Amino acid sequence: MASTEATLRTFFQSPKYAVVGASTNTAKYGYKVFKWYIAHGLPVTPINPGAPAISVDGTDYPTAGSLSELHGPAETSVSVITPPHVTLKTLEEAKGLGIQAVFLQPGTFDDDVLAYARANFRTVLAGDGGAGSEGWCVLVDGERGLTAAGKL
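In the working numbering, the protein residues as written are -12 to 139.
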């Protein structure tokens, strides 16, 4: 099943968000995507097992080491910014926690990861579509999703 504008709206209707692969390196997309959630005032948890916090504009946001540390994971939409082999492990953990919505950023999946995601999650944003040249991306499509979900 392909990702659609309705999928985008559904992803952003969640009360909570997490960014797997959130980075302390401001040049990386893991940082840029996490900062996007902060800039839009969304309740987001950075997932990074190697850093105690991620600083955005002088504020430190404590990280969780994995999705299993989230409070209310089944109510959390998850953006993923990791290499495909890590993404697959993340999706397996997410499935076990009852997470329903995942947004796989460009470069985070291969055909096997995409097939697993589409078979195991109600809401999957990934692959062809969206407004950007590389497919669905929070940085390109997120504001449209927030508007559709009534959050902007």
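Where a beta carbon is used, it is the ideal one built from N, C-alpha and C, also for glycine. All figures in this text were calculated on a predicted structure; none of them were measured in a lab.
Reduced DSSP secondary structure (H/G/I, E/B, other) of residue i
{"i": "THR95", "result": "coil"}
{"i": "LEU57", "result": "coil"}
{"i": "ALA51", "result": "strand"}
{"i": "PHE90", "result": "strand"}
{"i": "ILE68", "result": "coil"}
{"i": "THR(-9)", "result": "coil"}
{"i": "LYS3", "result": "strand"}
{"i": "ALA40", "result": "strand"}
{"i": "LEU139", "result": "coil"}
{"i": "LEU112", "result": "strand"}
Cβ pair residue i, residue j closer than 9 Å
{"i": "HIS27", "j": "GLY119", "result": "no"}
{"i": "VAL67", "j": "GLY8", "result": "yes"}
{"i": "THR74", "j": "THR95", "result": "yes"}
{"i": "ALA156", "j": "GLY122", "result": "Residue 156 falls outside the range modelled here, since the chain spans only -12 to 139, and no answer is possible."}
{"i": "PRO149", "j": "VAL6", "result": "Because the chain is modelled from -12 through 139, residue 149 falls outside the range shown and cannot be assessed."}
Own chain, CB closer than 8 Å to residue i, minus 5 neighbours either side, in chain order
{"i": "LEU84", "result": "LEU54, SER55, LEU57, PRO60, ALA61"}
{"i": "VAL100", "result": "PRO71, THR74, LEU75, LEU78, LEU91"}
{"i": "ILE41", "result": "ALA9, SER10, THR11, TYR18, PHE21, PRO33, ASN35, ASP47, TYR48, THR50"}
{"i": "GLU(-8)", "result": "ARG131, ALA135"}
Through-space distance from residue j to residue i, alpha-carbon basis
{"i": "ARG48", "j": "GLN92", "result": "Note that residue 48 is Tyr in the sequence shown, not Arg. Spanning the two alpha carbons is a distance of roughly 22 Å."}
{"i": "LYS82", "j": "ASN12", "result": "28 Å"}
{"i": "LEU126", "j": "SER64", "result": "15 Å"}
{"i": "ASP97", "j": "LYS15", "result": "20 Å"}
{"i": "SER10", "j": "GLY45", "result": "15 Å"}
{"i": "ARG109", "j": "ALA102", "result": "13 Å"}
{"i": "PRO2", "j": "CYS124", "result": "20 Å"}
Residues of its chain near residue i, where Cβ-Cβ distance is below 6 Å and the 5 sequence neighbours each way are ignored
{"i": "ILE25", "result": "VAL43"}
{"i": "VAL111", "result": "VAL89, ALA104, ARG105"}
{"i": "ASP115", "result": "GLY122"}
{"i": "GLY52", "result": "PRO36"}
Whole-Å CB distance - residue i paired with residue j, under 8 Å assumed
{"i": "LEU29", "j": "ARG131", "result": "Wrong, their Cβ atoms sit about 15 Å apart, outside the cutoff."}
Cβ neighbours of residue i in the same chain (closer than 7 Å, five flanking residues each side left out)
{"i": "GLY138", "result": "First, the residue type needs correcting, since residue 138 is Lys and not Gly in the sequence shown. Within the same chain, LYS138 has close Cβ partners PHE(-1)."}
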